[in-house]
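A.B. asks: Numbered per my numbering, the sequence shown spans residues 1 to 551.
All residues carry an ideal CB built from backbone N, CA and C; glycine is no exception.
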Amino acid sequence: MAQAQITPERNHDIVPVSLDMDEKNNELVHQDHLQTAEEIRRTMSKGGQVQMRSKHDDLGVWAAVKQNKKIALVAMAAAFSASLEGYQINLNGGIISNKGFIAIMPRDAKGAILGKYVSAWGGIQSTGQTLGQIFLQYLTDYLGRKAAMYTLFVFLVASVIAESLVKGWETWLVAKLFSGIGVGMLQSTLPVYLAEISPVQLRGLFINAYTFWFCLGQLLAGVALNKLQTGHFKTAIYTQWGMIGVMGIIFVLLPESPWWLVSKGKLDKTSKVLQRYYGHIEGYNVSDEVAIMTATVEAEKQTAAREGQEGHWAVFQGRNLLRLIIAAWPKIIQQFVGLSVFNTYSTYFFQLAGNKNPFLVTVILGCVQLLAMLITATLSDAVGRRPLTVYPYGVTSLSVLALGIIGCFNYSSKSLGSLLIFFACLATFTTTGASAIGYAYASEIPSQRLRAKTAGWGLAFSNMIAIMFSFCTPLMLNGNAHWGVKTGFFFAGTGTISTIVGWFLLPEVTRRSPAEIDELFEKKVPLRKFKGYVTEVQMVAEENKRIQEGH
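1. On the CB-based measure, 16 or more other CB atoms within 10 Å of its CB, does Y142 come out buried or exposed?
2. Tell me the DSSP bridge mates of R528?
3. Within the same chain, show all residues whose beta-carbon is closer than 7 Å to that of Q538, passing over the 5 residues directly before and after it, in chain order.
4. Report the residue from H280, A377, F212, S198 whose alpha carbon sits nearest the alpha carbon of P255.
5. If you draw a straight line from the C-alpha of I292 to the C-alpha of I281, how long is it?
6. Within 10 angstroms of the Cβ of V160, are there 16 or more other Cβ atoms? Answer buried if so, exposed if not.
7. Please list the terminal residues of the continuous alpha helix (DSSP H) segment that includes G94.
8. Can you tell which of L216, M373, G404, A424 has the C-alpha that lies nearest to the C-alpha of Q88?
9. Please go through the same chain and pick out, in chain order, the residues whose beta-carbon is closer than 7 Å to the beta-carbon of S415, but skip the five residues on each side of it.
10. In the DSSP assignment, what residue or residues form a beta bridge with I113?
11. Note down, in chain order, each residue of its chain lying with its Cβ closer than 7 Å to the Cβ of M464, except the 5 sequence neighbours on either side.
12. I124 and F155 - do their beta-carbons sit closer together than 8 Å?
13. If you run the structure through DSSP and keep just helix, strand and coil, what is H56?
14. Apart from the five residues just before and just after Q275, which ones in its own chain have a Cβ nearer than 7 Å to its Cβ?
15. Using the C-alpha atoms, what's the distance from P330 back to G532?
16. For R449 and Q51, what's the separation of their Cα atoms in angstroms?
17. Would you call the segment 313 to 323 and the segment 373 to 383 touching, i.e. three or more CB-CB distances under 8 Å?
18. Threshold first: 4 residues or longer. Then list the alpha helix (DSSP H) segments lying entirely within the segment 239 to 282, N to C.
19. Does the beta-carbon of R203 have 16 or more other beta-carbons within 10 angstroms, so that it is buried, or is it exposed?
20. Grouping DSSP H, G and I as helix and E and B as strand, with all else coil, what is R319?
21. What is the DSSP secondary structure of T510, reduced to helix, strand or coil?
22. Given this structure, state the Cα-to-Cα distance separating A434 from T496, to the nearest angstrom.
23. Label D22 either buried or exposed according to how many other C-beta atoms from any shown protein chain fall within 10 Å of its C-beta, with 16 as the threshold for buried.
24. Exposed or buried, what is H56 when buried is set at 16 or more other beta-carbons lying within 10 Å of its beta-carbon?
25. Decide if the segment 415 to 425 is in contact with the segment 236 to 248; the criterion is three or more beta carbon pairs, one per stretch, under 8 Å apart.
26. Can you tell me which of the three DSSP states C472 falls into?
27. What would DSSP say about L165, mapped onto helix, strand or coil?
28. Which stretch, first to last residue, makes up the alpha helix (DSSP H) that contains C408?
29. Closest to K453 by C-alpha separation, out of V395, W313, I326, L73, would be which residue?
30. What is the DSSP secondary structure of R145, reduced to helix, strand or coil?
31. Return the first residue and the last residue of the alpha helix (DSSP H) that S418 is part of.
32. Is it right to say W241 is buried, meaning 16 or more other beta carbons lie within 10 angstroms of its own, or is it exposed?
33. Just the C-alpha distance for V534 and G168, rounded to the nearest angstrom, thanks.
34. Is the distance from the Cβ of F153 to the Cβ of F251 below 8 Å?
35. Contact between the segment 77 to 88 and the segment 178 to 192 is defined here as three or more beta-carbon pairs at a separation below 8 Å; is this criterion met?
So, in structure tokens, the structure goes:
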């Protein structure tokens, strides 16, 4: 195992809450006041040890769950917002098969909505997502995570208003644009927020809760559409208002991210947030935890100044660019393994495949997604991010290959139709968990200073690819290409290549503190050796812990 050595003089800024030493009694003394960034900078400039990993980070996963019930409630409430995202996306994707909706749209000779309009709606939503993810990050950095939540809420309300007033393809196009912007903003804000309020050993659980609620929302949308197969499609649209209302209440009640508060020097407010949600924990010292956060942020600023990586484009400079690529890659793989076939256009896909009850298939896939998320959420902090990303995507690539092979035969027959559903379910199961881990990578890999920007750009790059597939996939399925189910061959190839790249690119950062991740990248530790590397941040925290225990 690679070991980092502590030396008196360091060549980087990740130096080992300034805990002062009482030399007379040889005891470590906690600071009773909140140390300012300037005080921590002075300590670091003098070569003093500045702790950047909390002693509470060593607690086991399930012990941490029992200990952090208050913040768990906050995280689950925040993650619930994703249920509207999943509900809206699946509702919009499935409603194109509703008789009442079809009746007000341009149709072909067979009575189905023209493929070019289906493509335009999917493309404009992905475009909106990209715009939301790129531009909201600046508001998120300057005004805070809560200001970002209020902004995305406005766009989601606007989208539901437009959907409620739909009269033709133009109105639906506007609704999809607003929906895409709101959803994109939500995707780039909530996982970052969850990562910043969570204990280190529970980040995976809470971030994956976001996708769990997303999947539940998708399932509920399928149920709603299944009940409304006749012309009353607007009733399903109106059901979104209840979820919007709950989301608004949650956003008002959520606390601001303590990490964002520290980055803006608002230490008193940080202290109040930590005291409210963590202060009940035995042995928890608010001043120490605030100092750890402050030291991490200050070390990042020093590194950025030394490397000349400051300003709006810092995310594309130096090691930050590598972190951006890593943060984006799991969600990029998601697009290349065929998400647009068996998820976004699931109803449309099975309709082309000749299935007589596509809404039932949508409900089945929703249940498969929930099962995948229950497994992924419980294992992500114990097993790690990397194995739960690479291996499932490999299975997905094989599954879409099987779909392509089935497409070479009469897949409308009962036996092959069942096999078609099986491999679609398998692809959905494996991709759901792996893509959920993608949000963890997008939120954990960036430095705290560039967390919102990196997550936003990373997800935006994924959606740029989604835009392409949103236009191309319906045309592959039922356009001039007439590939139908054979589209699986295409995504088997792209999925295999992108997954192999992921094998070499994605590191393991489970249960690492932000400062540890900074150190690993700054020292240029090989990506596949992150898991076993012992950082200086970790060694200093262990040394301070031994001193406190009197060893």
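C.D. replies: A quick look at the data gives this:
1. Along the sequence shown, one-based indexing puts residue 142 at 142. Exposed, by the Cβ-count rule.
2. By 1-based counting over the sequence shown, the position of residue 528 is 528. For R528, DSSP assigns no beta-bridge partner whatsoever.
3. For the purposes of this step, residue 538 is identified with residue 538 of the sequence shown, where counting begins at 1. Excluding positions up to five away in sequence, the list reads R53, E516.
4. Along the sequence shown, read from residue 1 onward, the residue named residue 255 stands at position 255. Residue S198 is the option with its Cα nearest to P255.
5. For this step, residue 292 is matched to residue 292 along the sequence shown. For this step, residue 281 is matched to residue 281 along the sequence shown. Near 17 Å, if we compare the C-alpha coordinates of I281 and I292.
6. Numbered from its first residue, the sequence shown carries residue 160 at position 160. V160 should be labelled buried.
7. Looking up residue 94 in the sequence shown gives position 94. Taken as a continuous stretch (DSSP letters only), the alpha helix (DSSP H) holding G94 covers 82 to 94.
8. Stepping through the sequence shown from its first residue, residue 88 is reached at position 88. Out of L216, M373, G404, A424, L216 has the C-alpha closest to the C-alpha of Q88.
9. For the purposes of this step, residue 415 is taken as residue 415 along the sequence shown, with counting starting at 1. If we look at S415 and ignore the five residues flanking it on each side, it has no Cβ neighbours.
10. In the sequence shown, the residue the question calls residue 113 occupies position 113. Answer by DSSP bridge pairing, in chain order: R107.
11. Counting from one through the sequence shown, the residue named residue 464 turns up at place 464. Once the five neighbours on either side are set aside, the close Cβ partners of M464 are T130.
12. The residue you call residue 155 lines up with position 155 of the sequence shown. The residue you call residue 124 lines up with position 124 of the sequence shown. No; because the gap between Cβ atoms is not below 8 Å, this pair is not in contact.
13. Counting from 1 along the sequence shown, the entry for residue 56 is found at position 56. Three-state DSSP puts H56 in a helix.
14. Here residue 275 corresponds to residue number 275 of the sequence shown, with the count starting at 1. If we look at Q275 and ignore the five residues flanking it on each side, its Cβ neighbours are V286.
15. For the purposes of this step, residue 532 is taken as residue 532 along the sequence shown, with counting starting at 1. For the purposes of this step, residue 330 is taken as residue 330 along the sequence shown, with counting starting at 1. Roughly 22 Å separates the two Cα atoms.
16. Taking the sequence shown and counting its residues from 1, one reaches residue 449 at position 449. Taking the sequence shown and counting its residues from 1, one reaches residue 51 at position 51. Rounded to the nearest angstrom, the two C-alpha atoms are 18 Å apart.
17. no
18. 240 to 253, 258 to 263, 267 to 278
19. Taking the first residue of the sequence shown as position 1, residue 203 is located at position 203. So R203 ends up on the buried side.
20. Position 319 of the sequence shown, counted from the first residue, corresponds to residue 319. Correct three-state label for R319: helix.
21. The sequence position of residue 510 within the sequence shown is 510, counting from 1. Three-state DSSP puts T510 in coil, outside helix and strand.
22. Walking along the sequence shown from the start, residue 434 turns up at place 434. Walking along the sequence shown from the start, residue 496 turns up at place 496. Cα-Cα distance, rounded: 14 Å.
23. As a working note, residue 22 is residue 22 in the sequence shown. Confidence at D22 is low in this model, with a pLDDT of 46, below 50, so its placement is unreliable and the value that follows should be read with caution. Exposed.
24. Taking the first residue of the sequence shown as 1, we reach residue 56 at position 56. Buried: at least 16 other Cβ atoms inside 10 Å.
25. No, because fewer than three Cβ pairs between the segment 415 to 425 and the segment 236 to 248 fall closer than 8 Å, the two stretches do not touch.
26. Position 472 of the sequence shown, counted from the first residue, corresponds to residue 472. C472: helix per DSSP, three-state reduction.
27. Within the sequence shown, residue 165 is the residue found at index 165, counting from 1. If DSSP states are grouped into helix, strand and coil, L165 belongs with coil.
28. Counting from one through the sequence shown, the residue named residue 408 turns up at place 408. Element bounds for C408: n/a, residue is neither H nor E.
29. Position 453 of the sequence shown holds residue 453. Ranking V395, W313, I326, L73 by Cα distance to K453 puts W313 first.
30. Position 145 of the sequence shown, counted from the start, is the residue given in the question as residue 145. Here R145 sits in helix by DSSP.
31. Looking up residue 418 in the sequence shown gives position 418. Residues 414 to 444.
32. Within the sequence shown, residue 241 is the residue found at index 241, counting from 1. The residue is exposed, with fewer than 16 neighbouring Cβ atoms inside 10 Å.
33. Residue mapping note: residue 534 aligns to position 534 of the sequence shown, counting from 1. Residue mapping note: residue 168 aligns to position 168 of the sequence shown, counting from 1. So the alpha carbons of these two residues sit roughly 60 Å apart.
34. The residue labelled residue 153 in the question sits at position 153 within the sequence shown. The residue labelled residue 251 in the question sits at position 251 within the sequence shown. Yes, the pair counts as a contact, with Cβ atoms nearer than the cut-off.
35. yes
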